Amino acid sequence: MRCSPVLLLATLVAGSVRQKGNRCELYPESLDHGGKPVDDVPSILDAFKRCGKDGTVVFTKNTFNIGSVMNTTNLVNCDVELHGTLKYSTDIAYWRLKSYPVIYQNHTTAWLFGGTNVTFKGVDGGHIDGSGQAWYTFNRGKGNMPGRPIQITVFNSTNVWMDHLRIVQPIFWASFVWQSKNVSIVNYYSNATSTDGNSTTNTDGFDSWNSENLLIHNATVHTDDDCIAVKGNTTNMLIKNVTCINGAGTTIGSIGQYPDMPDYVSNIVFDNITCISTSGCAYIKTWQGDYLNKTTNGDGGGGGGGRVKNVTFQNYRFKNVALPIQISQCIYAGEGGHGCNTSKLAIEDVRWVNYTGTSRYNIGASIYCSALHPCPGIKFENVNITGINATLGLPYWNTKIQYEVFQCANILGQKCSGIGCNRVAPEFFSQTVRKNIQ
Numbered sequence: 001m002r003c004s005p006v007l008l009l010a011t012l013v014a015g016s017v018r019q020k021g022n023r024c025e026l027y028p029e030s031l032d033h034g035g036k037p038v039d040d041v042p043s044i045l046d047a048f049k050r051c052g053k054d055g056t057v058v059f060t061k062n063t064f065n066i067g068s069v070m071n072t073t074n075l076v077n078c079d080v081e082l083h084g085t086l087k088y089s090t091d092i093a094y095w096r097l098k099s100y101p102v103i104y105q106n107h108t109t110a111w112l113f114g115g116t117n118v119t120f121k122g123v124d125g126g127h128i129d130g131s132g133q134a135w136y137t138f139n140r141g142k143g144n145m146p147g148r149p150i151q152i153t154v155f156n157s158t159n160v161w162m163d164h165l166r167i168v169q170p171i172f173w174a175s176f177v178w179q180s181k182n183v184s185i186v187n188y189y190s191n192a193t194s195t196d197g198n199s200t201t202n203t204d205g206f207d208s209w210n211s212e213n214l215l216i217h218n219a220t221v222h223t224d225d226d227c228i229a230v231k232g233n234t235t236n237m238l239i240k241n242v243t244c245i246n247g248a249g250t251t252i253g254s255i256g257q258y259p260d261m262p263d264y265v266s267n268i269v270f271d272n273i274t275c276i277s278t279s280g281c282a283y284i285k286t287w288q289g290d291y292l293n294k295t296t297n298g299d300g301g302g303g304g305g306g307r308v309k310n311v312t313f314q315n316y317r318f319k320n321v322a323l324p325i326q327i328s329q330c331i332y333a334g335e336g337g338h339g340c341n342t343s344k345l346a347i348e349d350v351r352w353v354n355y356t357g358t359s360r361y362n363i364g365a366s367i368y369c370s371a372l373h374p375c376p377g378i379k380f381e382n383v384n385i386t387g388i389n390a391t392l393g394l395p396y397w398n399t400k401i402q403y404e405v406f407q408c409a410n411i412l413g414q415k416c417s418g419i420g421c422n423r424v425a426p427e428f429f430s431q432t433v434r435k436n437i438q
């Protein structure tokens with residue numbers, strides 16, 4: 001019997017989504033095309049349409065080719081299982097043109113995901129492969145390339161549980177939670193490692209914005225940028241049991257970028273964090289009060305108001321960190337430090353507790369608060385930072401300062417802060433330290 005082309009096409013599509021009741025199992029189109037890569041996104045969207053409400057979507061243990069953007073939001077009572085690999089294409093021109101906007105810093109995302117009462121579980125090593133090396137090579141270490149998309153964004157969601165989410169070679173930020181509440185990400189792994197010497201700039205492990213009641217528990221992040229970044233209007237968040245390898249460590253920021261969008265960040269706890277060979281470890285970064293105009297994507301701004309309040313960095317262990325602790329209120333002002341005392345954003349009640357490790361250079365902390373808003377409630381409790389050279393009984397090279405520097409400025413109640421301030425912090429101090437303090 002001869003099959004018509006229409007019937008044959010229907011058979012192929014049906015073969016990629018196998019539905020049993022409210023359970024949809026996905027199989028890659030390549031199985032029906034002699035192993036040739038075929039975009040699996042139409043089948044994936046079909047599966048979520050069928051089983052995205054009161055159902056289960058299963059990616060079987062195969063490699064799925066992701067060649068186009070995905071919007072799988074508005075799920076309800078849906079469980080997602082990823083047994084295989086979601087392999088993104090390297091069509092840079094397509095992704096830069098077609099990815100979904102997320103508003104923040106003009107960024108975009110390749111996958112919008114979420115809904116109400118949703119679980120996402122990686123099984124038996126199931127993971128997302130962003131094919132990021134093509135981007136790292138193309139980007140050549142530049143920041144905020146226009147159109148370079150976030151790998152996965154949880155958007156407009158309530159009650160989302162993600163377990164064993166694994167992302168390797170993310171294109172840009174690995175994961176982003178936006179305009180959501182009650183989101184938990186546990187047993188998380190992200191690794192952005194370049195093989196050709198180009199930096200993996202902007203491959204943050206996790207970022208949040210305009211969200212509340214968040215949890216990150218048990219995570220390992222390899223990156224050349226922020227490990228965990230809590231951005232504007234994030235409240236009530238616990239980040240616990242996280243290892244940051246390379247990159248910039250854990251941060252509040254950057255915030256205060258937009259004059260018409262004040263940022264309020266409160267009740268944030270980082271607990272049991274390890275930083276290994278990072279540039280920073282636990283810091284807060286805000287924009288200056290004066291607007292800074294740049295033409296590159298997301299790099300212009302400043303002048304935003306708001307408040308950072310009740311933040312705790314506790315039970316940290318770190319090794320070979322360039323600048324273990326920092327507060328800067330003009331992080332993007334440039335070496336001239338233009339506007340460092342103009343920040344309209346207040347920082348209050350921030351503690352570093354049980355914080356122990358080694359610094360790469362002779363500086364342990366740099367805390368500079370805006371003169372317009374000096375910082376109250378800045379506390380060190382059982383903070384022990386020692387330079388690697390000092391632990392080996394060696395001098396610091398090319399400097400007369402043979403002690404650990406703790407530089408401070410505009411801290412209210414500094415004498416009661418527990419900070420052993422021994423130097424006045426300069427108005428601008430880069431978050432990237434490459435040598436000993438002179």
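Sequential numbering of the sequence shown, starting at 1, is according to our numbering.
Note that the Cβ used here is the ideal one computed from N, Cα and C, for glycine as well.
Just so it is clear, the structure is predicted and the values come from calculations on it, not from any experiment.
If I measure Cβ to Cβ from residue i and keep anything under 6 Å in the same chain, skipping five residues before and after, which residues do I get?
i	result
residue 88	66, 130 and 131
residue 303	259, 289 and 291
residue 322	279, 360 and 433
residue 243	220 and 274
residue 270	239, 250 and 313
residue 80	57 and 120
residue 98	69
residue 382	354
residue 272	240, 241 and 315
residue 212	181, 235 and 236
residue 82	59, 122 and 126
DSSP beta-bridge partners for residue i?
i	result
residue 209	178
residue 357	318 and 385
residue 280	323
residue 214	183 and 237
residue 292	301
residue 407	366 and 423
residue 189	166 and 220
residue 200	Note: residue 200 sits in no beta bridge, so no partner.
So what does DSSP say about residue i, is it helix, strand or coil?
i	result
residue 93	helix
residue 262	coil
residue 414	helix
residue 389	helix
residue 79	strand
residue 245	strand
residue 86	strand
residue 349	strand
residue 375	strand
residue 401	coil
residue 50	helix
residue 254	strand
residue 427	coil
residue 344	coil
residue 309	strand
residue 231	coil
residue 61	coil
residue 98	helix
residue 2	Caution applies to residue 2, whose pLDDT of 42 falls short of 50 and renders its modelled position unreliable; the value that the coordinates give is listed next. Looking at residue 2 - three-state DSSP - the assignment turns out to be coil, as it is neither helix nor strand.
residue 331	coil
residue 73	strand
residue 226	strand
residue 433	coil
residue 286	strand
To which residues of the same chain is residue i closer than 8 Å at the C-beta, ignoring the five residues directly before and after it?
i	result
residue 284	251, 252, 253, 308, 311, 326, 327, 328, 347 and 350
residue 431	248, 279, 280, 283, 285, 323, 326, 328 and 331
residue 54	22, 76, 77 and 78
Among residues of its own chain, excluding the 5 on either side of residue i, which ones have a beta-carbon nearer than 7 Å to its beta-carbon?
i	result
residue 156	73, 114, 179 and 180
Is there a C-beta anywhere in chain C that falls below 8 Å from the one on residue i?
i	result
residue 368	The question asks about chain C, but that chain is absent: this structure has only one protein chain.
contact_flag[the region 102–114, the region 175–186] where n(CB pairs < 8 Å) is 3 or more: By the criterion of at least three beta-carbon pairs nearer than 8 Å, the region 102–114 is in contact with the region 175–186.
Ranges of the beta strand (DSSP E) found wholly within the region 100–184, counting only runs of at least 3: 111–122, 127–129, 152–155, 158–163, 166–168 and 175–178
Contact between the region 228–236 and the region 192–200 (3+ Cβ pairs under 8 Å): no
Segment contact flag, the region 180–194 with the region 147–167, C-beta cutoff 8 Å, min 3 pairs: Between the region 180–194 and the region 147–167, the count of Cβ pairs shorter than 8 Å is three or higher; the stretches touch.
Given 8 Å, three or more beta-carbon pairs between the region 384–391 and the region 412–423: no
Stretch-stretch touch, CB-based, cutoff 8 Å, three pairs: the region 116–135 with the region 33–48: no
Those runs of the beta strand (DSSP E) which lie wholly inside the region 12–46 and span at least 3 residues: 17–20 and 23–26
Any 3 or more C-beta pairs closer than 8 Å across the region 393–403 and the region 365–374: no
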